[in-house]
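Asker: Taking the UniProt record's numbering, the leading residue of the sequence shown gets 1, the next gets one more, and so forth.
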Amino acid sequence: MEDDENLHALLDTQDDEENEIELSPAVLIEVMEEAWLNEKFSPEILPNKIDFVELLLGQLSAMEENLENVGDRDIKKTLHLLEVDRLRFLVGSYLRMRLEKIEFYVDHILKQENSRLENREDLYLTEAELTFARNFKEGIDNHFEHLMRVHPTIPVDWKNQVIQPNIHSFVFSRSKTNIESIIIDEGNDDETVYVNKDSQMIISYNSVSNLVKKGDVQLV
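(1) Helix, strand or coil: how does DSSP classify Glu127 here?
(2) Just to confirm, is the Cβ distance from Leu130 to Glu113 under 8 Å?
(3) Roughly how many angstroms lie between the CA atoms of Glu2 and Val84, to the nearest whole one?
(4) Would the region 89-108 and the region 119-133 be scored as touching if the rule is three or more Cβ pairs under 8 Å?
(5) In the structure shown, what three-state DSSP assignment does Leu23 receive?
(6) Just verifying my parser: in three-state terms, what is the DSSP assignment at Glu145?
(7) Would you report the Cα separation of Ile109 and Asn119, rounded to the nearest angstrom?
(8) First and last residue of the beta strand (DSSP E) that includes Arg174?
(9) Which one or two residues does DSSP pair with Val106 in a beta bridge?
(10) Using the Cα positions of Leu211 and Ile179, report the straight-line distance between them to the nearest angstrom.
(11) Taking the alpha-carbon of Ser204 as reference, which of Asp198, Asn196 and Arg174 has the nearest alpha-carbon?
(12) Alpha carbon to alpha carbon, what distance is there between Val150 and Ile140?
(13) Cβ of Gln200 within 8 Å of Cβ of Phe172?
(14) Where does the unbroken beta strand (DSSP E) through Ser181 begin, and where does it stop?
(15) Do you know how far the Cα of Leu90 is from the Cα of Leu81?
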């Protein structure tokens with residue numbers, strides 16, 4: 001569509017050489033929309049997409065600067081500003097969903113992140129998210145320790161009661177490529193199936209979690 005081409009042209013005016021990741025505006029928006037959907041429907045927190053977030057926000061800021069030179073009566077300016085608002089909402093929603101998961105599964109997430117640190121693996125959290133998680137856990141621990149002094153009947157093993165995401169919950173997914181085999185998670189009896197590109201299925205998240213993280217499967 002002409003309006004989409006104009007939107008992407010405005011985004012393209014930002015100097016791509018300043019970014020380590022070089023993507024066309026259309027692809028960048030598609031990546032962020034997919035990241036938002038995956039984070040929304042995944043029971044666990046996924047590897048962060050902060051590089052794409054920062055790249056998109058940078059391009060949106062450049063677009064807003066370019067739109068300042070467009071007349072207020074130009075309907076295309078209004079449409080572009082609406083799209084900017086939509087994309088900023090998308091980014092904000094994506095980041096809020098991740099913070100909500102951190103708050104709910106903070107002990108589990110920090111335990112996994114510490115394991116990744118020990119094994120020199122890539123962390124799922126950004127530096128800011130990791131700091132938030134540690135501060136949030138410290139606040140929760142201090143709160144419960146205070147409650148234990150006031151109400152000594154609280155079980156002393158409360159710290160061992162870690163809430164974990166249900167990775168066996170069912171999700172609706174779409175394959176982005178042909179997949180030779182997916183292990184169907186059905187408790188003790190596992191079987192593999194071949195999945196064609198663009199196939200949609202309801203399946204246990206545990207069966208496709210690695211494929212979601214690799215980008216071969218999208219949650220919808």
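Cβ atoms here follow ideal geometry from the backbone N, Cα and C, with glycine treated the same way.
Answerer: With the given structure in hand:
(1) helix
(2) yes
(3) For Glu2, the predicted model reports a pLDDT of 46, less than 50, meaning its position is unreliable; a value from the coordinates is still stated below. Rounded to whole angstroms, Glu2 to Val84 spans 17 Å at the Cα level.
(4) yes
(5) coil
(6) helix
(7) 15 Å
(8) Phe170 to Ser175
(9) Paired residue(s): none; Val106 is not in a bridge.
(10) 9 Å
(11) Arg174
(12) Looking at the two C-alpha atoms, the distance is approximately 15 Å.
(13) yes
(14) Ile179 to Ile184 is the span of the beta strand (DSSP E), which, as asked, contains Ser181.
(15) 14 Å
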